[in-house]
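One structure is given below, encoded as C-alpha cells.
Number of protein chains: 2
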Amino acid sequence: MHRDGSFASIIMMQKNRPRVTLMDGGGIMARERKFSTEELFQYTKQLLLEHGYEGFTFSLLAERLEISRGAIYKYFENKEELITDFMLFEMKYFLAELKEIAELNDFDRQFEFLFELIFRNREIHQLIEIGRQIPSSLNEKVRNNTQNLEKMHLEMYSYMQNFVTLGKGENKLKPHIPDVVVLGIIFQTIAIPNHFGIPQDLWVQSIKEIISHGMFTNK
Amino acid sequence: MHRDGSFASIIMMQKNRPRVTLMDGGGIMARERKFSTEELFQYTKQLLLEHGYEGFTFSLLAERLEISRGAIYKYFENKEELITDFMLFEMKYFLAELKEIAELNDFDRQFEFLFELIFRNREIHQLIEIGRQIPSSLNEKVRNNTQNLEKMHLEMYSYMQNFVTLGKGENKLKPHIPDVVVLGIIFQTIAIPNHFGIPQDLWVQSIKEIISHGMFTNK
DNA sequence: GCCAAAAGTGACACGAGTGTCACTTTTAGT
DNA sequence: ACTAAAAGTGACACTCGTGTCACTTTTGGC
C-alpha cells in the first residue's frame, strides 16, 4: 500500500501533506493504511450507483471500508471533494483508453472500439449524470475539480466528435443526423438495464445492430 | 377544489376518512384546501427528478406548496406512501393512454403512436427507475401500492409485447432481436437528454430514424 | 527504547429531516 | 350565532449525517 504512487494518491495528498518530503525516498513511514484509495473509490462507485448523489454518505462508505467515519476526513474535507476526486479518477482512466481511438484509421474499426469501450464502462454515463447534481461549491479544491471535470468532459466529446466526422467523411454515417444525436444514442443505449437477463452476447449484438441498421427489416 | 372526486383524491382519502359520508351529497364541507392533489403530485415529480429518491423531502415539498410540513401528514403517512401514490397516479394516466394502442390495427401506426406517447411522457422511464429505489416497507398501504405498481408495470409490458409481436408478425421488425431489447431501446433512447438544445423536430425525427433504420448509410 | 509522523478512533456539538399532536382556523349547515 | 368537521400550524422529541478534535495506535528510523 505504501508504495502506490498512483494517480489517486496524488489527488488525495493535496490537503494533508506529510511533513516529510513524500513517501518515496527514505522518509518515516508511519502506520499502514487500512484501506487503499482504489478500494475507497470502488465502494464510492457502488454507493453512488445504489443510492444516488444525495443518498451517498460518509457513514455508509466508512461501514463498507470497515473503518471509522473520521478516518475519511483525513483525506477528504467533505462529500463534494470526495466525489469530484472520484469522478476525476474514473474520467482519467476512461479518457486514457478513449485516446487510443485515434490510432485506428478507419471508421468501422473505430466504431467497434468505441462501442466495446463504452460497453465496458457502462456506468460512466450514469456517473456523469450523477456528477451534474454536485452543487456549485465554495470550496477551492472542489471548484478546481469541477473545472477539470468540465475540461475532461469536453476532451471526451472532442474525441467522439472526430469519430463522427470520420464516419460522415467516409459516407458511413447518415449525414443529416446531428452529431450529438449519434453520440447520445451510443451512450444511452449502452446503459439500458438488462432487467430480463438476456445473455450478454445476444444483448450486445442486438443493440449494435439496431444502432447500425435499425430494428426494422429492409423490405 | 372541494368538488374534485378525481382519481387522486380517492387514493388520498384512504387513511383520513371524513366522518360524513363523503364529499359529494350534502355533507359539511369544512375549510378549503390550500393545495390540490394535482399540484402536490406535480411538485413531487419535479422534486423527484431534481433530487432523486433520497433527496426528496417533505420539507422541500411543503416549501413549494407554501404550506406547513405537518399538513402533508394529513394525507400521507410518510415519504414511501406519498411516492408510491404518486407513481400509481402517473402510471394510471400513462396506461390509460397506452391502452388505446390496441385500437390501431397495423404496426406502422402503432409505432408512430407508441413513439409519440413515450416521447410525450419522457420522464416516466426515469420515474420508474427511481421507483425501484423504494425500500420494501412494513406499512400495509405501501406494500399494497407497490404490488399494484408491479401489476401495472406488467400490464404496460404486455401492451408493448403485443406491439412487438404484431411487428414481427407483419415482418416489419427483425425477428432475431429479442423483444425486450426492442422495448428497452425505444424507452431508453427517448430519455436521452438534449443537452445541446437541438430543435425538438430534428431531435425526434433523428432518433426515430436511427431506431428504425440505423445511423449507418445503406451502401 | 524513544521519537516523529501519519493512520485511525470516538465523543461532541450542530443542523436537518421525521412523525406526532394539541391547538387554531375556516367552512357550511342548522 | 353555534357547531361539527376537515384543513392547517408550529412546537417537541427523536434520529441521522456532518465536521472537528484531542487522543491513541502503529510504524520505521535513529
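Protein chains in written order, with our numbering: chain X, 1 to 219; chain L, 1001 to 1219.
We put the beta carbon where it would ideally sit given N, CA and C, even for glycine.
query = Among residues of its own chain, excluding the 5 on either side of Lys1141 (chain L), which ones have a beta-carbon nearer than 6 Å to its beta-carbon?
reply = So the qualifying residues of the chain are Glu1081.
key: Members of the region 139-169 of chain X near chain L, C-beta cut-off 7 Å   = The region 139-169 of chain X vs chain L, Cβ under 7 Å: nothing.
ask   = So, is the C-beta of His1213 (chain L) closer than 7 Å to a C-beta in chain X?
value = Interface criterion met: the Cβ of His1213 (chain L) is under 7 Å from a Cβ in chain X.
Thr1044 (chain L) to Ile1083 (chain L) span [Cα, whole Å] = The straight-line gap from Cα to Cα measures roughly 8 Å.
inquiry  = Using a Cβ-Cβ cutoff of less than 7 Å, which residues in the same chain neighbour Lys208 (chain X) once the five nearest sequence positions on both sides are dropped?
reply    = Counting only Cβ-Cβ distances below 7 Å, and skipping sequence neighbours, we find Phe115.
key: Residue interval of the alpha helix (DSSP H) (run including Glu77 (chain X))   = Membership of Glu77 (chain X) in any alpha helix (DSSP H) is not indicated, and neither H nor E is assigned to it by DSSP.
query = Which residues, taken in chain order from the region 1076-1107 of chain L, show a beta carbon closer than 9 Å to some beta carbon of chain X?
reply = Result list empty, no residue passes.
query = Ordered along the chain, which non-local residues of its own chain (more than five positions away) have a Cβ less than 6 Å from that of Phe58 (chain X)?
reply = Arg69, Ile72, listed in sequence order.
ask   = Under three-state DSSP, which class holds Phe1111 (chain L)?
value = Phe1111 (chain L) falls in the helix class under three-state DSSP.
message = I want to see whether chain L comes within less than 7 Å of Lys174 (chain X), judged by CB atoms only; does it?
response = So yes, Lys174 (chain X) belongs to the interface.
request  = Reducing DSSP to helix, strand and coil, say where Leu117 (chain X) ends up.
outcome  = It is helical.
ask   = Should Ser206 (chain X) go down as buried or exposed, given a rule of 16 or more other Cβ atoms within 10 Å for buried?
value = Buried, by the Cβ-count rule.
query = Thinking just about the alpha-carbon of each residue, which of L:Leu1154, L:Phe1216, L:Asp1179, L:Glu1103 is nearest to the one in Ile1128 (chain L)?
reply = That would be L:Leu1154, whose Cα lies nearest to the Cα of Ile1128 (chain L).
query = Mapping DSSP to helix, strand and coil, what is Leu1173 (chain L)?
reply = Correct three-state label for Leu1173 (chain L): strand.
ask   = For Phe94 (chain X), which of helix, strand or coil comes out of DSSP?
value = Per DSSP, reduced to three states, the secondary structure at Phe94 (chain X) is helical.
query = Do you know how far the Cα of Gln46 (chain X) is from the Cα of Gln126 (chain X)?
reply = Counting only the Cα atoms, Gln46 (chain X) lies some 12 Å from Gln126 (chain X).
Terminal residues of the alpha helix (DSSP H) in which Thr1037 (chain L) lies = Taken as a continuous stretch (DSSP letters only), the alpha helix (DSSP H) holding Thr1037 (chain L) covers 1037-1055.
ask   = What residues of chain L sit near Ala191 (chain X), judged by a beta carbon separation below 8 Å?
value = Those within 8 Å of Ala191 (chain X) in chain L are Gln1188.
Rounded C-alpha distance that separates Met1156 (chain L) from Ile1134 (chain L) = Take the alpha-carbon of Met1156 (chain L) and the one of Ile1134 (chain L): they are about 20 Å apart.
task = Could you tell me which chain L residues have their CB closer than 7 Å to the CB of Ser206 (chain X), listed as they occur along the chain?
result = Neighbours of Ser206 (chain X) on chain L, chain order: Ile1177, Pro1178, Val1181.
inquiry  = Let me make sure I understand the geometry here. Which of L:Leu1095, L:Glu1038, L:Phe1086 has the alpha-carbon closest to that of Phe1056 (chain L)?
reply    = Of the listed residues, the one whose Cα sits closest to Phe1056 (chain L) is L:Phe1086.
key: Residues in the region 1030-1045 of chain L having any Cβ partner in chain X nearer than 9 Å   = Along the region 1030-1045 of chain L, there is no position whose C-beta sits under 9 Å from a C-beta of chain X.
query = If you pair each beta-carbon of the region 1164-1177 of chain L with each one of the region 141-151 of chain X, do three or more pairs fall below 8 Å?
reply = Under the Cβ criterion (8 Å, minimum of three pairs), the region 1164-1177 of chain L does not count as touching the region 141-151 of chain X.
message = Given this structure, state the Cα-to-Cα distance separating Asn78 (chain X) from Ser137 (chain X), to the nearest angstrom.
response = Each residue's Cα considered, the two are about 11 Å apart.
ask   = Cα-Cα, which of L:Ile1190, L:Arg1109, L:Leu1065 is closest to Glu1038 (chain L)?
value = When C-alpha distances from Glu1038 (chain L) are compared across L:Ile1190, L:Arg1109, L:Leu1065, the shortest belongs to L:Leu1065.
request  = Run the CB neighbour count on Phe89 (chain X), radius 10 Å, all protein chains shown included, and call it buried at 16 or more, exposed below.
outcome  = With 16 or more other Cβ atoms from the protein chains shown falling within 10 Å of its own Cβ, Phe89 (chain X) counts as buried.
message = For Phe246 (chain X), list the residues DSSP reports as bridge partners.
response = Given a span of 1 to 219 for chain X in the structure shown, any question on residue 246 (chain X) remains unanswerable.
ask   = Quick one: Cα of Gln1200 (chain L) to Cα of Ile1190 (chain L), how far?
value = As the crow flies, the alpha-carbon of Gln1200 (chain L) is around 12 Å from that of Ile1190 (chain L).
key: Under 7 Å between C-beta atoms of Lys34 (chain X) and Phe107 (chain X)   = Result no, Cβ atoms of Lys34 (chain X) and Phe107 (chain X) do not sit closer than 7 Å.
key: Beta-carbon spacing of Gly167 (chain X), His1213 (chain L) below 7 Å   = Going by C-beta atoms, Gly167 (chain X) is not nearer than 7 Å to His1213 (chain L).
ask   = Using 7 Å as the limit for Cβ to Cβ distance, is Phe1113 (chain L) near chain X?
value = Chain X, which has no Cβ nearer than 7 Å to the Cβ of Phe1113 (chain L), makes this no.
ask   = Are the C-beta of His1125 (chain L) and some C-beta of chain X separated by less than 7 Å?
value = Under the Cβ criterion of 7 Å, His1125 (chain L) is not counted among the residues facing chain X.
ask   = Closest by CA to Asn1145 (chain L), which one among L:His1051, L:Ala1030, L:Asn1162, L:Phe1076?
value = Between Asn1145 (chain L) and the set L:His1051, L:Ala1030, L:Asn1162, L:Phe1076, the nearest pair of CA atoms involves L:Phe1076.
inquiry  = Below 7 Å on C-beta distance, what does Leu1202 (chain L) contact in chain X?
reply    = Contact annotation for Leu1202 (chain L) against chain X: Pro178 [CB-CB distance below 7 Å, chain order].
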